[in-house]
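Heads up: the protein sequence lines correspond to chains S, D and H, in order.
Everything in the first sequence is counted per the working numbering, starting at 1 for the first residue and increasing by one.
Everything in the second sequence is counted per the working numbering, starting at 338 for the first residue and increasing by one.
Everything in the third sequence is counted per the working numbering, starting at 922 for the first residue and increasing by one.
For glycine and all other residues, C-beta sits at the position ideal for the given N, C-alpha and C.
Being a predicted model, the structure only gives us computed values, none of them experimental.
Below: the structure, in structure tokens.
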Amino acid sequence: MAVATETLSKGEERVMFSPSTKPTLSLWGLAFRRFLRHRAAVGGIIGLALIFAFVIVGSFAYTEAYANKPDVVNRLQAPSWLQDPPTWEHPMGTDSVGRDVLARIIYGGQISLIIGFLSVLIAVTLGAIIGAVSGYYGGSVDSILMRFTEAMIAIPSLFFLIIISKMLIGSIPNINLLGRSLSGSVPIVIFVIGIFGWMVEARIVRSQFLSLKQQDFVLAARALGVKDHSIMWKHILPNSIAPIIVFASLGLAVAILTEAYVGFLGLGVQEPTASWGNILNQALSYLNRAFAPQDFIHRGVWWLWLFPSLMIIFTVLCVNFIGDGLRDALDPRGLTK
Amino acid sequence: MKRIFAPSSILAILIVTAAWLAAACAPVAAPGPAAQATQPAVAQPTSAPAATAAPSTGGNKVITISYTQEANNLNPLYTNQWFTQNLFDLFLDNALITFNDKNEPLPWIAKEIPSIENGGISADGKVITFNLRDDVKWSDGTPLTADDYVFTYEMILSDKNTVTSRDPFESEVASVVTKDPHTLVVTFNEPYAPWMTSIFSRANSSVAIPKHILQPVFEKDGTLDNAEWNRAPTVGVGPFLFKEWETGSHLTFQANPDFWMGAPKADQIFFRIVPDDASQLAAIKAGDTDIGVFISPSDVPDLEKLGTVDIPKVQSGYKESWYFNMSTDPATMGNPALQDANVRRALVMAVDRNKITQELLYGLTKPALTFWDGMAQANTDIEPIPYDPEGAKKLLDDAGWKVGSDGIREKDGVKLKLRYVTTTREVRKNTQAIVQQEWKDIGIDSELINHPSDVFFASFGDKGPIATGQYDIAEWSNSPQFPDPNAVDWLCSEIPSDANPPGGNWEFICDKDLDALFQEQARTVDAKKRIELFKQIQKIIADQVYWVSIWDDPDLWTVSKKVTGVKFSGATPFWNAYEWDKME
Amino acid sequence: MGRYIVRRMLQAIPLLFIVSLIVFVLIMNMGDPLIAFAGRNGQVKGADRERLIRKLGLDQPIYVQYVVWLVGNDWMKLDLDGDGVPETNGTRRGVLRGDLGTSVVTREPVIKMVRDRLPNTLLLMVTAEIVIISFALILGIATAVFKYSIFDNVFTGLSFVGFSMPVPLLALGLIYIFGVYFKRAGLPYFPTVGMFEPAAGKTPEQLVWHLVLPVATLSIISIAAYSRFIRSNMLEVLGHDYIRTATSKGLSSRVVLFKHALKNAALPIVTLIGLDLGFLLAGALVTETIFSWPGMGRLFYDHALKSDMPVLMGVLMLISISVIFFQLLTDITYTFVDPRIRYQ
């Protein structure tokens, strides 16, 4: 008893009663208002905005050429404010060839975020379309799409990733975009993560559709002659939005992490183009020092893994809180109560 | 609605399992951050495994070696893998000639090293006679005789066996016959200078397989490819004998009390497969491994500070090298600038190679002067190419490569932009980054490309990026036929093409003088004359800047201070395993 | 239901066929197939290369090689001496007749290699999965019930730190802290790598002991994903009318939670777990590599580096079969968990 009343009394009580006083608000307007009441989600938005501001504003402070400029004599230096005398020359230290870690985190952040968002966009779109079509139409459409999904699922995506990366890495030349030179491995990583990330979501969306399409409101809509695509996208899909958002938010995190993970196998974003993953991977070669108790501050190379890890963790946390907030806000059942 | 509330077996199972597991598993597996805090307390009763807690004195001296790659096949005919070949020093120690830690040849199963003086080599250099020891027995008591070597030769050449390499038995050897059970006569088509490292020599692991075990298998199966002995060579000859191989986990060898030089001092050699370098390092630091292999230079300062291990630096002939794409064939050609020796020299002069070795490799090595450094054939008179960016600029200006409007040099509309290709190894990536900057400073643009090593080393036929000339500068580590100076990758006939897809001359060098000298040295059995030929070879390579070493690439090992008597050789690391001992 | 199962099994045949075809083409293009024969300088050259290519049948067009992989070559004559005249009988029987082929690297039958590695991987992965699911269930339900509480927020934060932790960093961190520094400090410590100490032998006690750190690694990174998923599903269910009905009719919170809410949240959870079960035998590539655990993930990765087609095909097909089996099992389980779903 206590459990249920507590859940109801906390966040949703106000929501339940406020619509009646403001009946003019649209569905999305309401969702927006509810989202704003979700403190963690708002925090997530602010956090993510800060990360974006950091990687964009930061690129005015440092040029990309600076981020890629080695200075081998000063390699693996601890953050300069810990040196004697303290300076702000390398606030996050230098990497294994003496490049400035802060500048690389800024430019690497751009790459990691681009990889994360674009690959998740590919994956979520594919997953929602395939899952919805399959679950709604059923029959032979479902059969074909699900066999295809199963074939893709049946091969562990990491294995796929290794095979495809090995085939493609080094095959795309550097890309010159807006005056910057990107390693050709970036689109490869986006493509590979994106096209192997949609299957689980498609299955979940399909199972939601399977269960929802036999519910009364769908049957009623169909009886009223509402068109299929309208039923699918306007009536059923919003009901599946919660798992899709949870998967997209986890998927973004997974994409950023996967980039780092394939880097461990030597197949991620190729230097000199920075990414949070490849900064982190450099640290792995010096980890024995990172865990050395003696003179940890200056020799521990903690700055090589700590800063990119913090960025990754912070991004993942923000994205997930936003996902939480969106789910609570978009849950259409909250409105009908 | 009622049906929704109907009890479901799955749900019940889930909850029951969860509850049971939460109760039963947590203390055993101790997972998760919360549980870890309690680990020390849980750990008490079973920690400190037997080896460390209770020193076993009862003749159980186990020497643990960590291996970052697993052996593939224990039959010498079926492997070319360095990790596997080392094992032959333990259980198949029947090379006629082996090499010690100074890389000097030692007569091993051969009683003496054949020479023209002692009549072992015929006057025309084509026939070599080996006199074998008569006191060596296989572990099942059967004597080791010249017949085993003849059988090995026949098996290598048999079309029915998928052997790894027939080199040089197929191309150079006319016959291998026995004169009596302990005399072996090898006849060559032409005099063959590198015989000591390739004919039944430990240097290339052409050791003999037991005829009495494998001949019946060959007759029965029609091939040795699937012989059980290949994976469980229970009959061997040497200081240690095969005991057990669990794939992916470990390989063990047990001391052979009947070894012909006396029983070895250790009781067991345990090879643990540790595929990750960083975990190998942790194991070395924890004392879980006695001998570590292929240590990264960046770890050496810390290991030295640790004080529990020695870190021998063993020369094995490998040099981290730059190769320039010298192809003149449009299909495989690189930037045309590379055809000019002065441009090649300028590329090298722009780079401070000493700084790279000092910083990236912690001063443990330095740029090698020649491909044969550390060997008797090295030409020490060669002048190293200095670090001189200003000189490099001048050379490029003189060669017609002038700085363009974008800061990049160009000539006749061609930009001096180079593809710098290597594998994905960390130290190579770091080198690339440094070199890219130094080239940029003198107006050379470069694109850094990294391939996984099997893609990088794929042949012309398999569209490997280097073999098909998809590079301007390539970096990899290479060695002559160490400890013999022979090398064939420089021959014009080895240039890969559609007509010769397996060719190994990936730098596409075809220099007539160099070609003639390389061919001549291989036929010159007289060691002194051969050294002179090699000195000329090195002069040409240095003058033409065909090849440049970024650094000399010795093997770094760790040996626990508890283990004594270890003397690694670059060619045959475990040659004196019978002398290894372990203090408790 | 019986007919449904039979139909799904029949559908699995073309499915496996498609999977094998895709994977085969990819693998045949991934690197030098002869790298396994190379010495330390990484190259196989000259006459040896030509002979090996012929001997391994790599000179054949790719579709012929696929057919040979599928149905074997003992019905055709091969030209092994390179004179252009086929003279030798093939010996391979093909996958359809139970011959997964022989590893190019080790010359060992693939089936045996897989059999050697599978128990190790299952030991690691099943232990980890049990730990993960039990923790995730407890934490997922607890965080849903006490949502937005301090406990929820703290745990959410912690689980994301675990989730975001790069596996190699976490694994090596655990090794250094509990394997190296605890030992040096004289504290009870965990072993660093391998499955057992050579002197102690492969005893159950040694195995459990060596399992702790790899299982901890796998758990820390995976608990978050599962528990967040469970939490979100629980939250959704807890918002439904029937829960309020159940609560208001006076049922105890325990009954409401476990009997009514969890049961309805179980469908997506079962889906997720069902999908993951099939992959258990794929092992954990990075964890196995770092802890030197001789499992399937490492088998795949080691042989992927050598482009060892028969092993890669064998491993991938085995995983595919297992995944397809568990998918079917999951779909059948749906009908028990959610009676609204019916299969014809």
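The distance from the Cβ of Val965/H to that of Leu955/H is about 5 Å, consistent with a contact at the 8 Å cut-off. Counting C-beta atoms within 10 angstroms of its own C-beta, Gly923/H has fewer than 16 neighbours from the protein chains shown and is therefore classed as exposed. Approximately 5 Å separates the beta-carbon atoms of Leu1198/H and Phe1247/H; this is inside 8 Å, confirming the contact. Taking every protein chain shown into account, the CB of Ser742/D has fewer than 16 other CB atoms within 10 angstroms, so this residue is exposed.
In the displayed model, Leu955/H falls within coil according to three-state DSSP, outside both helix and strand. In this structure, DSSP gives Pro451/D a state outside helix and strand, which the three-state scheme calls coil. In summary, Gly1171/H is exposed, with fewer than 16 beta-carbon neighbours lying within 10 Å of its beta-carbon over all protein chains present.
Under the 8 Å criterion on CB atoms, Pro822/D is classed as non-interfacial with respect to chain H. Contacts with chain S (Cβ-Cβ distance below 7 Å) from the region 634–649 of chain D involve Ser635, Asp636 and Asp639, listed in chain order.
The beta carbon of Thr717/D sits closer than 8 Å to those of Leu706, all from its chain and outside the five residues before and after it, given in chain order. For a Cβ distance threshold of 7 Å, residue set Glu696 of chain D lies close to Arg75/S, ordered along the chain. The straight-line gap separating the alpha-carbon atoms of Val133/S and Val751/D is approximately 54 Å.
For Phe607/D, the nearest CB of chain H lies under 8 Å from its own CB, placing it at the interface with that chain. Boundaries of the beta strand (DSSP E) around Glu657/D: Lys656 to Phe661. For Thr1023/H and Pro553/D, the gap between their C-alpha atoms comes out near 22 Å. For Ala1121/H and Leu1128/H, the gap between their C-alpha atoms comes out near 11 Å.
Within the region 997–1008 of chain H, the residues whose Cβ lies closer than 7 Å to some Cβ of chain D are Leu1001 and Asp1002, listed in chain order. At least one CB of chain H lies nearer than 8 Å to the CB of Trp419/D. In terms of Cα proximity to Val1101/H, the closest of Phe1072/H, Pro1112/H and Thr1254/H is Pro1112/H. DSSP places Leu177/S in the strand class (E or B) of the three-state scheme. For Ile1098/H, no beta strand (DSSP E) encloses it, and the DSSP letter there is neither H nor E. Restricting attention to beta strand (DSSP E) runs no shorter than 3 residues, the region 780–805 of chain D encloses them at 782–788, ordered along the chain. Listed along chain S, no residue sits closer than 7 Å to Gln406/D by beta-carbon distance, the nearest being about 15 Å off. When C-alpha distances from Leu588/D are compared across Val487/D, Thr401/D and Pro820/D, the shortest belongs to Thr401/D. According to DSSP, residue pairing for His587/D in a beta bridge involves Glu583/D and Arg609/D.
Per DSSP, reduced to three states, the secondary structure at Gly644/D is coil, with no helix or strand assignment. In the DSSP assignment, the residues bridged to Trp884/D are Tyr660/D. At a beta-carbon threshold of 7 Å, the residues of chain H lying near Pro156/S are Phe1200, Ala1203 and Ile1240, ordered along the chain. For Val399/D, the enclosing beta strand (DSSP E) covers residues Val399 to Tyr404. Under the 8 Å Cβ criterion, the region 215–229 of chain S does not count as touching the region 183–192 of chain S, having fewer than three qualifying pairs.
DSSP, read as helix, strand or coil, puts Glu812/D in strand. Taking 8 Å as the Cβ-Cβ cut-off, the region 961–974 of chain H approaches chain D at Arg961, Asn962, Gly963, Gln964, Val965, Lys966, Gly967, Ala968, Asp969, Arg970, Glu971, Arg972, Leu973 and Ile974, given in chain order. Distance from the Cα of Ala603/D is smallest, within the candidate group Ile610/D, Val611/D, Val772/D and Ala592/D, for Ala592/D. Interface annotation, Ala603/D: not in contact with chain H, CB-CB separation never under 8 Å.
Leaving aside the five residues that flank Trp597/D on each side, the residues in its chain whose CB is nearer than 6 Å to its CB run, in chain order, Asp472 and Val473. The alpha carbon of Ala1145/H has as its nearest neighbour, out of Ala253/S, Met199/S and Gln215/S, the alpha carbon of Ala253/S.
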